[in-house]
Amino acid sequence: MSPLDLFWIFFMASALQPLFRQRMVEAARKRLIARIEKERGSRVILMVHRQETMSVLGFPVFRYIDIHDSEEVIRAIQMTDSDVPIDIVLHTPGGLVLASYQIARAIARHPAKTTVFVPHYAMSGGTLIALAADEIVMGEHAVLGPVDPQLGQQPAASILKVLEQKPAEKIDDQTLILADVAQKAIRQVRDSVRGLLEGKYPQDKVDELAEILSTGTWTHDHPITCDEARDLGLNVTTEMPNPIYELMGLFPQPVRRVPSVEYLPVPRHREGRNGGDKAQG
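If you want my numbering, it's the 1-based position in the sequence shown plus 27.
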(Lines of atoms letter the chains of each structure in order from A; the text may use other names.)
(Lines give C-alpha, C1' and ligand atoms only; values in the text may rest on other atoms or scores of the structure.)
Protein backbone atom coordinates (compact mmCIF):
# COMPACT_ATOMS: atom_id res chain seq x y z
CA MET A 28 0.00 0.00 0.00
CA SER A 29 1.48 3.32 -1.08
CA PRO A 30 1.71 6.45 1.12
CA LEU A 31 -0.91 8.03 -1.14
CA ASP A 32 -3.34 5.18 -0.38
CA LEU A 33 -2.72 5.60 3.35
CA PHE A 34 -3.35 9.32 3.04
CA TRP A 35 -6.70 8.78 1.34
CA ILE A 36 -7.72 6.16 3.92
CA PHE A 37 -6.85 8.57 6.72
CA PHE A 38 -8.66 11.40 4.93
CA MET A 39 -11.87 9.37 4.44
CA ALA A 40 -11.82 8.11 8.03
CA SER A 41 -11.40 11.65 9.33
CA ALA A 42 -14.20 12.91 7.09
CA LEU A 43 -16.63 10.17 8.12
CA GLN A 44 -15.84 10.22 11.83
CA PRO A 45 -18.18 13.17 12.65
CA LEU A 46 -21.00 11.43 10.77
CA PHE A 47 -20.49 8.19 12.70
CA ARG A 48 -20.33 10.12 15.98
CA GLN A 49 -23.54 11.96 15.14
CA ARG A 50 -25.34 8.71 14.33
CA MET A 51 -24.21 7.21 17.64
CA VAL A 52 -25.46 10.24 19.58
CA GLU A 53 -28.81 10.14 17.75
CA ALA A 54 -29.19 6.44 18.56
CA ALA A 55 -28.37 7.13 22.22
CA ARG A 56 -31.01 9.87 22.33
CA LYS A 57 -33.67 7.58 20.91
CA ARG A 58 -32.85 4.87 23.46
CA LEU A 59 -33.06 7.36 26.32
CA ILE A 60 -36.32 8.87 25.04
CA ALA A 61 -37.81 5.36 24.83
CA ARG A 62 -36.67 4.66 28.38
CA ILE A 63 -38.22 7.86 29.75
CA GLU A 64 -41.48 7.20 27.89
CA LYS A 65 -41.65 3.71 29.37
CA GLU A 66 -40.91 4.94 32.91
CA ARG A 67 -43.38 7.83 32.80
CA GLY A 68 -45.98 6.29 30.48
CA SER A 69 -45.90 9.42 28.36
CA ARG A 70 -45.06 10.83 24.96
CA VAL A 71 -41.71 12.67 25.17
CA ILE A 72 -41.10 15.55 22.74
CA LEU A 73 -37.83 17.46 22.62
CA MET A 74 -37.37 20.94 21.22
CA VAL A 75 -33.73 21.87 21.70
CA HIS A 76 -32.15 24.84 19.96
CA ARG A 77 -28.38 25.12 20.02
CA GLN A 78 -26.17 27.76 18.41
CA GLU A 79 -24.59 25.85 15.59
CA THR A 80 -21.14 26.75 14.22
CA MET A 81 -20.19 25.86 10.66
CA SER A 82 -16.95 23.90 10.82
CA VAL A 83 -15.60 25.32 7.53
CA LEU A 84 -16.69 28.95 7.49
CA GLY A 85 -16.83 29.31 11.26
CA PHE A 86 -19.87 31.59 11.56
CA PRO A 87 -22.68 31.06 14.09
CA VAL A 88 -26.15 29.95 12.98
CA PHE A 89 -28.80 30.85 15.55
CA ARG A 90 -31.68 28.42 15.83
CA TYR A 91 -35.11 29.38 17.10
CA ILE A 92 -38.75 28.24 17.10
CA ASP A 93 -40.04 28.25 13.54
CA ILE A 94 -42.91 26.82 11.50
CA HIS A 95 -41.06 23.55 10.93
CA ASP A 96 -40.88 23.07 14.71
CA SER A 97 -44.60 23.72 15.13
CA GLU A 98 -45.46 21.26 12.37
CA GLU A 99 -43.33 18.53 13.94
CA VAL A 100 -44.59 19.06 17.50
CA ILE A 101 -48.23 19.18 16.38
CA ARG A 102 -47.71 16.01 14.37
CA ALA A 103 -46.27 14.26 17.44
CA ILE A 104 -49.23 15.39 19.56
CA GLN A 105 -51.69 14.22 16.91
CA MET A 106 -50.02 10.79 16.98
CA THR A 107 -50.58 10.57 20.75
CA ASP A 108 -53.76 9.09 22.24
CA SER A 109 -55.86 11.55 24.22
CA ASP A 110 -55.27 9.67 27.50
CA VAL A 111 -51.45 9.60 27.14
CA PRO A 112 -49.60 12.37 29.03
CA ILE A 113 -47.18 14.57 27.10
CA ASP A 114 -43.74 15.58 28.38
CA ILE A 115 -42.02 18.27 26.34
CA VAL A 116 -38.40 19.25 26.98
CA LEU A 117 -37.67 22.89 26.08
CA HIS A 118 -34.29 24.51 25.54
CA THR A 119 -34.80 27.56 23.36
CA PRO A 120 -34.22 31.33 23.13
CA GLY A 121 -37.71 31.73 21.64
CA GLY A 122 -38.75 32.41 18.07
CA LEU A 123 -41.77 33.17 15.91
CA VAL A 124 -44.94 34.06 17.82
CA LEU A 125 -47.09 32.19 15.29
CA ALA A 126 -45.14 28.94 15.63
CA SER A 127 -44.86 29.24 19.41
CA TYR A 128 -48.59 29.86 19.82
CA GLN A 129 -49.49 26.94 17.55
CA ILE A 130 -47.41 24.61 19.74
CA ALA A 131 -48.78 26.13 22.94
CA ARG A 132 -52.38 25.78 21.78
CA ALA A 133 -51.85 22.15 20.78
CA ILE A 134 -50.40 21.42 24.23
CA ALA A 135 -53.21 23.27 26.02
CA ARG A 136 -55.88 21.31 24.13
CA HIS A 137 -54.39 17.88 24.85
CA PRO A 138 -56.80 16.13 27.27
CA ALA A 139 -54.19 14.24 29.33
CA LYS A 140 -51.66 15.88 31.64
CA THR A 141 -48.99 17.97 29.96
CA THR A 142 -45.63 18.75 31.55
CA VAL A 143 -42.93 21.09 30.27
CA PHE A 144 -39.36 20.47 31.43
CA VAL A 145 -36.97 23.43 31.32
CA PRO A 146 -33.50 22.16 32.28
CA HIS A 147 -31.71 25.43 31.42
CA TYR A 148 -33.81 28.10 29.74
CA ALA A 149 -36.98 28.63 27.70
CA MET A 150 -37.27 32.28 26.81
CA SER A 151 -39.93 34.30 24.97
CA GLY A 152 -41.82 31.85 22.73
CA GLY A 153 -40.47 29.01 24.87
CA THR A 154 -42.15 30.57 27.90
CA LEU A 155 -45.39 30.92 25.92
CA ILE A 156 -45.27 27.16 25.32
CA ALA A 157 -44.48 26.47 28.97
CA LEU A 158 -47.52 28.50 30.08
CA ALA A 159 -49.78 26.12 28.15
CA ALA A 160 -48.72 23.08 30.20
CA ASP A 161 -50.42 21.79 33.33
CA GLU A 162 -47.07 21.73 35.11
CA ILE A 163 -43.72 23.45 34.56
CA VAL A 164 -40.63 21.66 35.87
CA MET A 165 -37.54 23.88 35.97
CA GLY A 166 -33.97 23.11 36.83
CA GLU A 167 -32.81 24.81 40.02
CA HIS A 168 -30.93 27.41 37.98
CA ALA A 169 -33.19 27.41 34.90
CA VAL A 170 -35.04 30.53 33.73
CA LEU A 171 -38.08 31.58 31.76
CA GLY A 172 -38.59 34.98 30.15
CA PRO A 173 -41.18 37.63 29.31
CA VAL A 174 -43.34 37.11 26.22
CA ASP A 175 -43.76 40.77 25.24
CA PRO A 176 -43.70 41.10 21.42
CA GLN A 177 -40.72 42.54 19.55
CA LEU A 178 -40.97 44.45 16.27
CA GLY A 179 -37.66 43.84 14.58
CA GLN A 180 -35.04 44.80 17.15
CA GLN A 181 -37.40 47.04 19.14
CA PRO A 182 -39.74 46.08 22.01
CA ALA A 183 -43.34 46.91 21.19
CA ALA A 184 -43.84 48.39 24.66
CA SER A 185 -40.92 50.79 24.17
CA ILE A 186 -42.30 51.98 20.83
CA LEU A 187 -45.55 52.92 22.57
CA LYS A 188 -43.57 54.97 25.09
CA VAL A 189 -42.78 57.41 22.28
CA LEU A 190 -46.48 58.29 22.02
CA GLU A 191 -46.55 59.09 25.73
CA GLN A 192 -43.45 61.29 25.69
CA LYS A 193 -43.89 63.25 22.43
CA PRO A 194 -46.88 64.96 20.83
CA ALA A 195 -48.14 63.28 17.65
CA GLU A 196 -47.15 66.22 15.41
CA LYS A 197 -43.51 65.68 16.39
CA ILE A 198 -43.49 61.97 15.60
CA ASP A 199 -42.68 60.75 12.10
CA ASP A 200 -45.19 58.64 10.17
CA GLN A 201 -43.05 55.49 10.32
CA THR A 202 -42.96 55.60 14.12
CA LEU A 203 -46.71 56.22 14.29
CA ILE A 204 -47.29 53.16 12.09
CA LEU A 205 -44.95 51.08 14.26
CA ALA A 206 -46.78 52.26 17.37
CA ASP A 207 -50.10 51.17 15.91
CA VAL A 208 -48.67 47.73 15.11
CA ALA A 209 -47.04 47.55 18.55
CA GLN A 210 -50.34 48.23 20.28
CA LYS A 211 -52.03 45.48 18.31
CA ALA A 212 -49.15 43.05 18.92
CA ILE A 213 -49.25 43.55 22.68
CA ARG A 214 -53.02 43.10 22.77
CA GLN A 215 -52.80 39.94 20.68
CA VAL A 216 -50.06 38.37 22.81
CA ARG A 217 -51.83 39.36 26.04
CA ASP A 218 -55.05 37.73 24.81
CA SER A 219 -53.10 34.63 23.77
CA VAL A 220 -51.51 34.29 27.21
CA ARG A 221 -54.88 34.80 28.85
CA GLY A 222 -56.41 32.08 26.69
CA LEU A 223 -53.62 29.61 27.54
CA LEU A 224 -53.92 30.23 31.29
CA GLU A 225 -57.71 30.24 31.64
CA GLY A 226 -58.94 27.20 33.55
CA LYS A 227 -55.55 26.64 35.18
CA TYR A 228 -55.63 29.66 37.52
CA PRO A 229 -58.28 31.95 39.04
CA GLN A 230 -59.43 34.63 36.60
CA ASP A 231 -57.82 37.51 38.50
CA LYS A 232 -54.47 35.67 38.46
CA VAL A 233 -54.89 34.94 34.73
CA ASP A 234 -55.38 38.65 34.00
CA GLU A 235 -52.46 39.62 36.24
CA LEU A 236 -50.03 37.14 34.65
CA ALA A 237 -51.08 38.09 31.12
CA GLU A 238 -50.49 41.76 31.88
CA ILE A 239 -47.12 41.28 33.60
CA LEU A 240 -45.65 38.89 31.04
CA SER A 241 -46.79 40.55 27.81
CA THR A 242 -46.70 44.31 28.31
CA GLY A 243 -42.98 45.07 28.78
CA THR A 244 -42.68 44.90 32.56
CA TRP A 245 -39.02 43.89 32.12
CA THR A 246 -36.54 43.85 29.27
CA HIS A 247 -37.19 41.00 26.86
CA ASP A 248 -34.15 39.03 28.05
CA HIS A 249 -35.02 39.32 31.75
CA PRO A 250 -34.44 35.90 33.41
CA ILE A 251 -37.44 34.73 35.43
CA THR A 252 -36.04 32.22 37.92
CA CYS A 253 -38.06 29.39 39.41
CA ASP A 254 -38.45 31.38 42.66
CA GLU A 255 -39.68 34.43 40.77
CA ALA A 256 -42.01 32.25 38.69
CA ARG A 257 -43.51 30.85 41.91
CA ASP A 258 -43.88 34.37 43.32
CA LEU A 259 -45.81 35.28 40.18
CA GLY A 260 -48.15 32.37 40.95
CA LEU A 261 -47.10 29.94 38.21
CA ASN A 262 -47.38 26.20 38.84
CA VAL A 263 -43.62 25.51 38.92
CA THR A 264 -41.62 22.73 40.58
CA THR A 265 -37.89 21.95 40.56
CA GLU A 266 -38.17 18.15 40.65
CA MET A 267 -36.21 17.69 37.44
CA PRO A 268 -35.59 13.98 36.63
CA ASN A 269 -31.94 13.15 36.01
CA PRO A 270 -32.69 11.52 32.61
CA ILE A 271 -33.72 14.97 31.31
CA TYR A 272 -30.21 16.27 32.01
CA GLU A 273 -28.82 13.13 30.39
CA LEU A 274 -30.82 14.00 27.28
CA MET A 275 -29.36 17.50 27.22
CA GLY A 276 -25.90 15.94 27.38
CA LEU A 277 -26.74 14.19 24.12
CA PHE A 278 -27.23 17.54 22.38
CA PRO A 279 -23.60 18.67 22.43
CA GLN A 280 -22.71 22.21 21.46
CA PRO A 281 -20.35 22.25 18.45
CA VAL A 282 -16.75 22.09 19.68
CA ARG A 283 -14.86 25.37 19.61
CA ARG A 284 -11.21 25.68 18.80
CA VAL A 285 -10.42 26.56 22.44
CA PRO A 286 -12.98 25.38 25.05
CA SER A 287 -14.32 28.11 27.32
CA VAL A 288 -15.45 25.68 30.04
CA GLU A 289 -13.56 22.57 31.05
CA TYR A 290 -13.80 20.06 33.94
CA LEU A 291 -13.49 16.35 34.63
CA PRO A 292 -16.95 14.93 33.72
CA VAL A 293 -17.32 12.69 36.79
CA PRO A 294 -19.17 13.17 40.11
CA ARG A 295 -16.89 14.79 42.71
CA HIS A 296 -17.16 13.99 46.44
CA ARG A 297 -15.13 15.09 49.44
CA GLU A 298 -12.41 12.61 50.29
CA GLY A 299 -13.43 10.25 53.07
CA ARG A 300 -17.14 10.28 52.24
CA ASN A 301 -19.14 7.18 51.41
CA GLY A 302 -16.67 4.36 50.86
CA GLY A 303 -13.91 5.93 52.98
CA ASP A 304 -16.19 6.41 56.00
CA LYS A 305 -17.51 2.86 55.76
CA ALA A 306 -14.00 1.41 55.68
CA GLN A 307 -13.18 3.14 58.97
CA GLY A 308 -16.28 1.73 60.62
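Idealized CB from N, CA, C, for every residue including glycine. Given the structure is predicted, the values throughout are model-derived calculations rather than measurements.
Beta-carbon gap between residue i and residue j smaller than 8 angstroms
{"i": "A149", "j": "L123", "result": "no"}
{"i": "S151", "j": "P120", "result": "yes"}
{"i": "R77", "j": "F278", "result": "yes"}
{"i": "I239", "j": "L224", "result": "no"}
{"i": "V111", "j": "R58", "result": "no"}
{"i": "I72", "j": "A126", "result": "no"}
{"i": "I63", "j": "P270", "result": "yes"}
{"i": "L158", "j": "I186", "result": "no"}
{"i": "I213", "j": "A195", "result": "no"}
{"i": "R217", "j": "S241", "result": "yes"}
{"i": "R56", "j": "L203", "result": "no"}
Paired residues, beta bridge with residue i - DSSP
{"i": "I115", "result": "I72, V143"}
{"i": "E162", "result": "T142"}
{"i": "Y148", "result": "V170"}
{"i": "Y228", "result": "E225"}
{"i": "L178", "result": "Q181"}
{"i": "T264", "result": "V164"}
Where the alpha helix (DSSP H) through residue i begins and ends
{"i": "Q105", "result": "94-105"}
{"i": "A126", "result": "124-135"}
{"i": "M275", "result": "269-276"}
{"i": "L190", "result": "183-192"}
{"i": "L259", "result": "253-259"}
Whole-angstrom C-beta distance between residue j and residue i, which should lie under 8 angstroms
{"i": "A237", "j": "V263", "result": "Not a contact, Cβ separation roughly 17 angstroms."}
{"i": "E167", "j": "C253", "result": "7 angstroms"}
{"i": "P74", "j": "I115", "result": "The residue asked about is misnamed: residue 74 is Met in this sequence, not Pro. Rounded, the Cβ-Cβ distance is 7 angstroms, consistent with contact."}
{"i": "P250", "j": "V164", "result": "No, P250 and V164 are not in contact; Cβ-Cβ is about 17 angstroms, not under 8 angstroms."}
* **Contact the region 286-297 vs the region 169-177: 3+ CB pairs below 8 angstroms** => These segments do not touch.
* Determine, using beta-carbon pairs with one atom in the region 229-249 and one in the region 140-148, whether at least three such pairs fall under 8 angstroms. => The region 229-249 vs the region 140-148: no contact.
* Asked: Counting Cβ pairs, one atom from each stretch, are 3 or more of them under 8 angstroms apart for the region 100-110 and the region 190-210?
  -> Segments in contact, no.
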